[in-house]
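For reference, the structure discussed in these notes is given below.
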DNA sequence: AACAAAAACTAACACTTGTTAGTTCACTAA
DNA sequence: TTAGTGAACTAACAAGTGTTAGTTTTTGTT
């Protein structure tokens, strides 16, 4: 296993700080202090503050896009596709808790890459919506307010990063299963 | 109907800007420009930038606390209490979409009032958890992972502000009902 | 018309921001 | 040893930050 480069370390530490205070409230001097160096030294490894954010967010957005493409083109039924989407979010979120905070809260501070990010997000949501709709068409999914349904499931999955770290010993497969149960079958007896 | 004071107008406009870029990224000069005045003039009406944020967040947090106290002390069954909580979130969120963004994303920039806010939030979550637990005990609610259940429902409700404005003509009662159906009974047929 | 209060203005402050330039130092390859 | 490289440093910059002081304009009441 290759050890982390200094650049990767800076990006990882930055993501952690961004999660705590948000991109705008974290200064390069904050980041330098967390790295144990002076702010100017950061620039031996990274191009700009903006570039750190871009790296964090775009790589995550692409991971989601790739995952969705695999799921969408599979021949599973719609409920199974939803379960796969839940697994995808649990997997990515648990592997990059801090980055997910930036993805959710700081995407608007992307500058040149903002349009590209929004395109990826829109495409992702469209794929999700289409899965729901074909589930409704096939009778697998109840036919009410597919937009509310999509909003409810997607915001739960997008907020996983806030919650996963609180249970250190959590079993990720078990979490996926619980989420599937709750999001799809509901909570009533 | 009393017309809005200049102070209230500033707070309302600030909340809108905070939603778009986050508290830290909005400058007093941004806010002044949106108000059609110079930054210094804002201080005829408000105490500080910090104080604007405090006003936005704390008043909302107290609204939720009061609503929860009413629900908790009612004699409805647990499922009905959950439905009431859903209504509460729909009502408050639709009346103050911009403020809800600050409540969700900028609470960490509260300074003196941070502890107070966190206390309110913890209490709210405890009340919610207790409702779920007694629903499980009474057999109204399925007995799996009450923490995942709570996370799922609460993050959906907390994120309503992102989504409500997109449907201008939305019927709020209808939205509450759809959410109740989806969050409680699930989406499968 | 005169006055007081409210609300805008200009100018400036002390401090913080991201970033650059130029330098020093430890390590590695020749 | 020497030369070169990567990664830290100090110092500084121009621009932007929240906020204050003091002044002028607007507004509403007598």
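Chains as they are written, first to last, in this note's numbering: chain E, 1 to 189; chain B, 1 to 189.
In this text, a Cβ means the ideal position worked out from N, Cα and C, and glycines have one as well.
None of these values were measured; they are calculated from a predicted model.
Interface criterion met: the Cβ of residue 159(B) is under 8 Å from a Cβ in chain E. Residue 141(E) and residue 84(E) have their C-alpha atoms roughly 16 Å apart. Put simply, the region 88-104 of chain E touches the region 151-164 of chain E. At least three CB pairs are less than 8 Å apart.
The alpha-carbon of residue 132(E) is positioned some 8 Å away from that of residue 150(E). By the neighbour-count criterion, in which 16 or more other beta carbons inside 10 Å mark a residue as buried, residue 104(B) falls on the buried side. In the assembly as shown, residue 106(B) is a buried residue. Its beta-carbon has 16 or more other beta-carbons within 10 Å. At a cut-off of 8 Å between beta-carbon atoms, residue 152(B) makes contact with chain E. Taken in chain order, the members of the region 105-133 of chain B whose beta-carbon sits within less than 9 Å of a beta-carbon on chain E are 105, 106, 108, 109, 132. Between the C-alpha atoms of residue 43(E) and residue 122(B) there is a straight-line separation of about 41 Å. Contacts between residue 50(B) and chain E, judged by CB atoms closer than 7 Å, are missing: the closest CB pair is about 13 Å apart. Membership of residue 79(E) in the alpha helix (DSSP H) is indicated by the continuous run 78-95.
Residue 54(B) sits buried, since 16 or more C-beta atoms from the chains shown fall within 10 Å of its C-beta. A Cβ-Cβ distance of about 15 Å is found for the pair residue 175(B) and residue 153(B), leaving them out of contact under the 8 Å criterion. According to DSSP, residue pairing for residue 141(E) in a beta bridge involves 188(B). Excluding sequence positions up to five before and after residue 50(E), its CB lies within less than 7 Å of the CB of 111, all in the same chain and listed in chain order. Residue 143(B) and residue 136(B) have their C-alpha atoms roughly 6 Å apart.
Taking a beta-carbon distance threshold of 8 Å, residue 155(E) counts as an interface residue toward chain B. Here DSSP, grouped into helix, strand and coil, assigns residue 130(E) to helix.
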